[in-house]
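Residue numbers (the numbering used here), protein chains in the order written: chain A, 18 to 232; chain B, 18 to 232.
We put the beta carbon where it would ideally sit given N, CA and C, even for glycine.
2 protein chains.
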Amino acid sequence: MSSPSPLQIWLIEDNTTFRRTLARVLESQDGFECTEGFARCEHALAATERGLKPDIILLDVGLPGMSGLHALPLLREKLPDTKILILTVFDDDDKIFRAICAGAAGYLLKTASPEEITAAIREVVGGGAPMNGRIARRVLEMFSQFGRPTKDYDLSEREIEILNHLTTGQLKKEIAQALGLSIHTIDSHLRKIYIKLEVNTRSEAVAKALKEKLV
Amino acid sequence: MSSPSPLQIWLIEDNTTFRRTLARVLESQDGFECTEGFARCEHALAATERGLKPDIILLDVGLPGMSGLHALPLLREKLPDTKILILTVFDDDDKIFRAICAGAAGYLLKTASPEEITAAIREVVGGGAPMNGRIARRVLEMFSQFGRPTKDYDLSEREIEILNHLTTGQLKKEIAQALGLSIHTIDSHLRKIYIKLEVNTRSEAVAKALKEKLV
DNA sequence: CGGGAAATCACGCAAACGCGTGGTTTTACA
DNA sequence: TGTAAAACCACGCGTTTGCGTGATTTCCCG
């Protein structure tokens, strides 16, 4: 099933021993072909200039010269169809966050066994996003931070509705028209919103509403 | 290793057949104890009032009465230490997003085999966050949307600086004072910002800046 | 070296805004 | 059934804004 066109894999990893060992492991897998190994991102980027396009890249983030995190968006631009898996020892939230935002297709730790790494590659090919369990947990936790309404300002439905119109830049007059109300009513609601949000200007209210996900 | 205190699992799932089958499968696992099965979230919430606290909950989202997504935050509040796994047929971005934001510890699909479900439970106990591969991919894609500067409006440094002041609700006068400039200069910058962002009001500019992560 | 973009400053006007202060009607709940 | 909160409406005042139309200076780059 895989013999006609083996999966082309690149390794970007400065530790030569680890890179070669991993390359050997991957090569031994049916359908895998470890076509290139680079010690620096710059070399990999140069290779893309020569028109080479792997299916998968295993990318270390702690590299001499250009870091993997810096290279990621560049690689993604050059190789939009290539799935890039992070393979690193770092598991801090900032690196995870930046890697994912930059378009990493998965995040593995170097503590992973060869079996786990090959399984991850197969998973990413199958449309998945392999992650170390702890990393996945962190991702979900970070994600859940986005949905918090933070504080409760006890805004009424009408007030939230008007707050929504504010974020579209509408004038009091326009909001009144849109809701079929008098401009004085909008003004009245607006004041209560200001009091509840503890702001004094429209833009401050909009900023607070958006920053704290009230709308 | 697990005999002293088996893992207590609740199922919240309206399909009686599926729930009972799954309960039987889980019970057959070493160290698992399927203590309760509910057809409605309301029943589960009532059970928490009686002081019951499972280790794991498998929660369907498409339920009669209160939906699983509505119940999730309530369950999380009652049972802060319980890991809640979503087990559903739905895989649309909105449901995934809401479930994760509400604190789901994992997201499984009902197409999962019994083996996959038991593996997922063991994974969540081990500090992981089991997800269906496709779901995990979606999560990373959604996540990566947060880091985008979206479009490039070609704002100058000064303009971005002033845009920042705008999001704090400052008046032109105040910004001028803060930057040691004339109010006319701020006005001038403001107009260019409006032109570049294609807006006509301050709040619209603030909204656009925050929504598109320009600041 | 010269052109263009960015940054700075200036004046005036109509429109919109924030705010004080008043009111009535509708809705919700005890 | 009463009462409080929300929603609705109104007028006026002083301030701020958005915009048209100008100008000068600084700095980068071809």
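Close partners of E191 (chain A) in chain B (Cβ separation under 7 angstroms) are lacking, with about 10 angstroms as the shortest Cβ gap. In the structure shown, Y211 (chain B) adopts helical secondary structure according to DSSP, grouped into three states. Counted as a single uninterrupted DSSP element, the alpha helix (DSSP H) harbouring Q194 (chain B) occupies residues K189 to L196.
The three-state secondary structure of F55 (chain A), taken from DSSP, is strand. A check of alpha carbon separations from T99 (chain A) across A:E174, A:D72 and A:E140 identifies A:D72 as the nearest.
Excluding its 5 nearest sequence neighbours in each direction, A61 (chain A) has C-beta neighbours in its own chain below 8 angstroms: W27, I29, E53, F55, I74, A88 and L92, listed in chain order. Taking a contact as a CB-CB distance under 8 angstroms, the pair A119 (chain A) and L86 (chain A) counts as one, their CB atoms being some 7 angstroms apart.
Excluding its 5 nearest sequence neighbours in each direction, E66 (chain A) has no C-beta neighbour in its own chain below 6 angstroms. Listed in chain order, the positions of the segment 101-113 of chain B with a beta carbon within less than 9 angstroms of a beta carbon of chain A would be empty, since no residue qualifies. Put simply, the CB of P97 (chain A) is far from chain B, with every gap to its CB atoms at 9 angstroms or more. The Cβ of P81 (chain B) sits no closer than 9 angstroms to any Cβ of chain A.
Taking 9 angstroms as the cut-off, the beta carbon of V223 (chain A) is found closer than this to the beta carbon of L180 (chain A). Around the beta carbon of K168 (chain A), fewer than 16 other beta carbons lie within 10 angstroms, which makes this residue exposed. Scanning A:D77, A:R37 and A:L126 for the CA closest to the CA of E59 (chain A) turns up A:D77.
Cβ-Cβ distances below 7 angstroms link V216 (chain B) to A222 and K225 in the same chain, with the five nearest sequence neighbours on each side left out; the list follows chain order.
Note on geometry: alpha-carbon atoms of E176 (chain B) and H206 (chain B) lie some 6 angstroms from one another. If you look at Q162 (chain B), you'll find it in the alpha helix (DSSP H) that goes G150 to Q162. Short of 6 angstroms from the beta carbon of K95 (chain B), and not among the five residues preceding or following it, lie these beta carbons of its own chain, in chain order: T65.
The DSSP assignment places 73-76 and 100-105 as complete runs of the beta strand (DSSP E) inside the segment 54-125 of chain B, in order along the chain (cut-off: 3 residues). Counting only Cβ-Cβ distances below 9 angstroms, R219 (chain A) has contacts in chain B at G186, T218, R219, S220 and V223, in chain order. Using a Cβ-Cβ cut-off of 9 angstroms, I117 (chain B) counts as an interface residue toward chain A, since at least one Cβ of chain A sits closer than that to its own. Within the segment 143-162 of chain A, the residues whose Cβ lies closer than 9 angstroms to some Cβ of chain B are G143, G144, G145, A146, P147, M148, N149, G150, R151, I152, A153, R154, R155, V156, L157, E158, M159, F160, S161 and Q162, listed in chain order. Annotation: G145 (chain A) to N32 (chain B) spans about 28 angstroms, alpha carbon to alpha carbon. For L24 (chain B), the enclosing beta strand (DSSP E) starts and ends at L24 to I29.
Interface with chain B (9 angstroms Cβ-Cβ cutoff): K70 (chain A) is excluded. Under the 9 angstroms criterion on CB atoms, K213 (chain A) is classed as non-interfacial with respect to chain B.
Look at E176 (chain A) here: in three-state DSSP terms it is helix. Ranked by Cα distance from V142 (chain A), the options B:V141, B:G150 and B:G68 are led by B:G150. At a cut-off of 9 angstroms between beta carbons, G85 (chain B) makes no contact with chain A. The beta-bridge partner set that DSSP reports for F49 (chain B) consists of B:L24. DSSP, reduced to helix, strand and coil, places A224 (chain A) within a helical segment of the structure shown. Proximity of K127 (chain B) to chain A, defined by a Cβ-Cβ separation below 9 angstroms, is not satisfied. With fewer than 16 other Cβ atoms from the protein chains shown falling within 10 Å of its own Cβ, I212 (chain A) counts as exposed. In this structure, the CA atom of E229 (chain B) is about 41 angstroms from the CA atom of P23 (chain A). Rounded to the nearest whole angstrom, the C-alpha separation of D110 (chain A) and R155 (chain A) is 7 angstroms.
Nearest in C-alpha terms to L183 (chain A), of all of A:L231, A:P97, A:A121 and A:G123, is A:L231.
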